[in-house]
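The sequence shown begins at 87 in the numbering used here and counts up one residue at a time.
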Amino acid sequence: METIRQILLTRRPTGVPVPQDFALAEAPMPRPGPGEILVKMRVGSVDPAIRGFLDDRPSYLPPVALGAPINGMSLGEVVESHNPAYPVGTLVRAFATWSDHYVIGADALGLEIVHPQPGTELHHYMGALGPVGLTAWVGLFAVGEAKAGETVVVSAAAGATGSTVVQIAKARGCKVIGLVGSAEKAAVIRDLGADAAIDYRATPDIAAEIAKAAPEGVDVYFDNVGGETLEAILPLMRLHGRVAVCGMIGQYNDADHPHGVTTLWQLVVNRLKVQGFITYDYMDRLEEAQRELDGWVAQGKLKPLANLRDGFDKLPEAFIDLMSGKTIGKTIVRI
Ligand SMILES: NC(=O)c1ccc[n+]([C@@H]2O[C@H](COP(=O)([O-])OP(=O)(O)OC[C@H]3O[C@@H](n4cnc5c(N)ncnc54)[C@H](OP(=O)(O)O)[C@@H]3O)[C@@H](O)[C@H]2O)c1
């Protein structure tokens, strides 16, 4: 019997996930039904949002069941097709499971055909040239409405989304201040063009540091972390500033004890727009986003940063590293 490999959830993590929360298992090869395709995973995406699906609580997708394969974005090659729109050999990206082969239908979340450009490595289509770039673009421009000459602050600025936000904000002519958790990460984002890099672990007063770097105030805050950082920034926002709430990774490992933000009155004082978003809510803007991202890569203004692992079985350890705050750039596993 032909078999596939899967990464299963064996117990719900407490805090930062550990290897015992996951298991590598074999299952029978699934067969596509009418209109469906069988995809062989080539690149697996390792994302903080997965942490939310491992708790038994409502997130924007249902929780992963115990004993079931983990959900995540995957890029793969069609190896059997019952749908003429996706012939064998087509590269597709979609929300799937951590399975080295999986069956999806045309209605799979985020399903797109990927057309890699010669000379560009495939894994970048899971990073800055894929969901990561689109998230940064949608958050910064569609939600945050950042314009040339404005001041942008971004948290987790050396991470997948943050390092892309830094570069595309510079490409559009913004001033950019990045918040990061180490001196090494600060050096990385300075190299990428950030006007200022603040290591929040090395300062007792993050608000004072941001105010020093942006005495004019902050027009757009691209929030990846929530909590204390959001609380510190709200009073520093300019009149009619925008907060694009991309994620709140600071509380994913301990979702029962979120930090209560005490500065919400500043929403009124500064007439702020605060909006959460999910990238794939903006399907009508993604083509425009992809075009601009491709252009910036071609011009050398956007350098995709990747934290690479090789081997399907490395998915759990890559995820544990990501959720421990250790990584720089987009965490990706190549199969
Ligand atoms: N809305 C959407 O459609 C969408 C799509 C993709 C991602 N997101 C969100 O965007 C944010 C960034 O995701 P990403 O994929 O780009 O991840 P990432 O930034 O590559 O990695 C996570 C980084 O978050 C920071 N962090 C802060 N507090 C943390 C904590 N308590 N535990 C672990 N890490 C912590 C760490 O950087 P420092 O050391 O610099 O703090 C860490 O390196 C997440 O909140 C994610 O959920 C949203």
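Ideal Cβ placement from N, Cα and C applies to all residues, glycine included. Since the model is a prediction, treat every value here as computed from it, not as a measurement.
Any heavy atom of ligand 1 within a distance shorter than 8 Å of the CB on Cys332?
Walking along the sequence shown from the start, residue 332 turns up at place 246. Yes, the Cβ of Cys332 comes within 8 Å of a heavy atom of ligand 1.
Cβ neighbours of Glu198 in the same chain (closer than 6 Å, five flanking residues each side left out):
Sequence index remark: in the sequence shown, residue 198 carries index 112 (1-based). Excluding positions up to five away in sequence, the list reads Arg179.
Taking its Cβ as the centre, do 16 or more other Cβ atoms sit within 10 Å of Glu374, making it buried, or is it exposed?
For the purposes of this step, residue 374 is identified with residue 288 of the sequence shown, where counting begins at 1. That one is exposed.
Measure the CB-CB distance between Ile414 and Gly264 and report whether it falls below 9 Å.
One-based indexing of the sequence shown puts residue 414 at position 328. One-based indexing of the sequence shown puts residue 264 at position 178. Contact: no.
When we look at the beta-carbon of Tyr146 and count the other beta-carbons within 10 Å, is it buried (16 or more) or exposed?
Taking the first residue of the sequence shown as 1, we reach residue 146 at position 60. Classification of Tyr146: exposed, given that the 10 Å Cβ count is below 16.
Determine the DSSP secondary structure at Tyr338, reduced to helix, strand or coil.
Residue 338 sits at position 252 when you count from the first residue of the sequence shown. DSSP places Tyr338 in helix when its eight states are reduced to three.
On the premise that Leu177 lies in contact with Leu152, defined as a C-beta separation below 8 Å, what is that separation, rounded to the nearest angstrom?
Working through the sequence shown from its first residue, we reach residue 152 at position 66. Working through the sequence shown from its first residue, we reach residue 177 at position 91. Between Leu152 and Leu177, the beta carbon gap of about 32 Å keeps them out of contact (Cβ cut-off 8 Å).
Is the beta carbon of Leu208 closer than 9 Å to that of Arg420?
Walking along the sequence shown from the start, residue 420 turns up at place 334. Walking along the sequence shown from the start, residue 208 turns up at place 122. Yes, the Cβ-Cβ distance between Arg420 and Leu208 is below 9 Å.
By how many angstroms is the C-alpha of Ile275 removed from the C-alpha of Gly119?
By 1-based counting over the sequence shown, the position of residue 119 is 33. By 1-based counting over the sequence shown, the position of residue 275 is 189. In a straight line, the C-alpha of Gly119 is about 47 Å away from that of Ile275.
By Cβ distance, which residues of its chain are closer than 6 Å to Thr250, with the 5 residues on each side in sequence left out?
The residue labelled residue 250 in the question sits at position 164 within the sequence shown. If we look at Thr250 and ignore the five residues flanking it on each side, its Cβ neighbours are Ala214, Val218, Gly219, Ala222.
In DSSP terms, what Ala330 is bridged to:
Position 244 of the sequence shown holds residue 330. According to DSSP, Ala330 bridges with Phe308, Gln361.
In the DSSP assignment, what residue or residues form a beta bridge with Tyr188?
Taking the sequence shown and counting its residues from 1, the one referred to as residue 188 is at position 102. According to DSSP, Tyr188 bridges with Val125.
Cβ of Asp342 within 8 Å of any heavy atom in ligand 1?
Stepping through the sequence shown from its first residue, residue 342 is reached at position 256. Distance from the C-beta of Asp342 to the nearest heavy atom of ligand 1 is not below 8 Å.
With a threshold of 8 Å (Cβ to nearest heavy atom), would Gly245 be considered close to ligand 1?
In the sequence shown, residue 245 corresponds to position 159, counting from 1. Correct: Gly245 has its Cβ closer than 8 Å to ligand 1.
Checking 9 Å against the spacing of the C-beta atoms, do Gln106 and Arg98 come in under that value?
By 1-based counting over the sequence shown, the position of residue 106 is 20. By 1-based counting over the sequence shown, the position of residue 98 is 12. In this structure, Arg98 does not lie closer than 9 Å to Gln106 by Cβ.
Hey, would you say the C-beta of Val252 is under 8 Å away from at least one heavy atom of ligand 1?
In the sequence shown, counting from the first residue as 1, residue 252 sits at position 166. Val252: no, Cβ never under 8 Å from ligand 1.
Ile90 and Ser185 look like a contact to me (Cβ under 8 Å); what is the Cβ gap, rounded to whole Å?
By one-based count along the sequence shown, residue 90 stands at place 4. By one-based count along the sequence shown, residue 185 stands at place 99. Contact flag correct, Cβ pair sits at about 6 Å.
Can Ile123 be considered in contact with ligand 1, in the sense that its beta carbon sits closer than 8 Å to one or more heavy atoms?
Here residue 123 is taken as the residue at index 37 of the sequence shown, counted from 1. No, ligand 1 has no heavy atom inside 8 Å of this Cβ.
Do you know offhand how far Ala194's Cα is from Ala318's?
As a working note, residue 194 is residue 108 in the sequence shown. As a working note, residue 318 is residue 232 in the sequence shown. Taking the straight line from one Cα to the other gives about 39 Å.
Closest by CA to Pro103, which one among Asp370, Lys298, Ile136, Ala113?
The sequence position of residue 103 within the sequence shown is 17, counting from 1. When each option's Cα is compared against that of Pro103, the closest is Ile136.
Out of Asp370, Arg143, Phe139, state which residue places its alpha-carbon closest to the alpha-carbon of Asn157.
As a first step, residue 157 is located in the sequence shown; it is residue number 71 there, counting from the start. Looking at the Cα atoms, Phe139 is the closest of the given residues.
Residues bridged to Asn157 by DSSP?
The residue labelled residue 157 in the question sits at position 71 within the sequence shown. Thr183, per the DSSP bridge assignment.
What whole-angstrom Cβ distance do Tyr368 and Ala182 have, given they're in contact under 8 Å?
Taking the sequence shown and counting its residues from 1, the one referred to as residue 368 is at position 282. Taking the sequence shown and counting its residues from 1, the one referred to as residue 182 is at position 96. With a Cβ gap of about 21 Å, Tyr368 and Ala182 do not count as contacting.
Using the C-alpha atoms, what's the distance from Gly411 back to Gly267?
Against the sequence shown, residue 267 aligns to sequence position 181. Against the sequence shown, residue 411 aligns to sequence position 325. For Gly267 and Gly411, the distance between alpha carbons rounds to 8 Å.
Inspect the beta-carbon positions of Gly235 and Cys260 and report whether they are closer than 9 Å.
Counting from 1 along the sequence shown, the entry for residue 235 is found at position 149. Counting from 1 along the sequence shown, the entry for residue 260 is found at position 174. Yes, the Cβ-Cβ distance between Gly235 and Cys260 is below 9 Å.
Might you give, ordered along the chain, the residues of its own chain that have their beta carbon closer than 8 Å to the beta carbon of Gln337, omitting 5 neighbours on each side?
The count along the sequence shown starts at 1 and reaches residue 337 at position 251. Cβ neighbours of Gln337 beyond the five flanking positions: Gly312, Gly313, His343, Pro344, His345.
I need the DSSP call for Gln253, collapsed to helix, strand or coil.
Stepping through the sequence shown from its first residue, residue 253 is reached at position 167. Looking at Gln253 - three-state DSSP - the assignment turns out to be helix.
Using CA coordinates, which residue listed in Tyr307, Thr315, Arg377 is at the minimum distance from Arg287?
As a working note, residue 287 is residue 201 in the sequence shown. Selected option, being the one with the closest Cα: Thr315.
Backbone CA spacing between Val125 and Gly175 [nearest angstrom]
Position 39 of the sequence shown holds residue 125. Position 89 of the sequence shown holds residue 175. Going by the C-alpha atoms only, they are around 9 Å apart.
Trp351 versus Leu358 - alpha carbon distance:
Within the sequence shown, the letter at position 265 stands for residue 351. Within the sequence shown, the letter at position 272 stands for residue 358. Using only the alpha carbons, I get a separation of about 10 Å.
Compare the beta carbon distance of Val306 and Ala330 with 9 Å and say whether it is the shorter of the two.
Start at 1 with the first residue of the sequence shown, and residue 306 comes out as number 220. Start at 1 with the first residue of the sequence shown, and residue 330 comes out as number 244. In this structure, the beta-carbon distance from Val306 to Ala330 falls below 9 Å.
From which residue to which residue does the beta strand (DSSP E) around Leu95 run?
Start at 1 with the first residue of the sequence shown, and residue 95 comes out as number 9. Looking at the DSSP string, the run of the beta strand (DSSP E) that includes Leu95 is 89–95.
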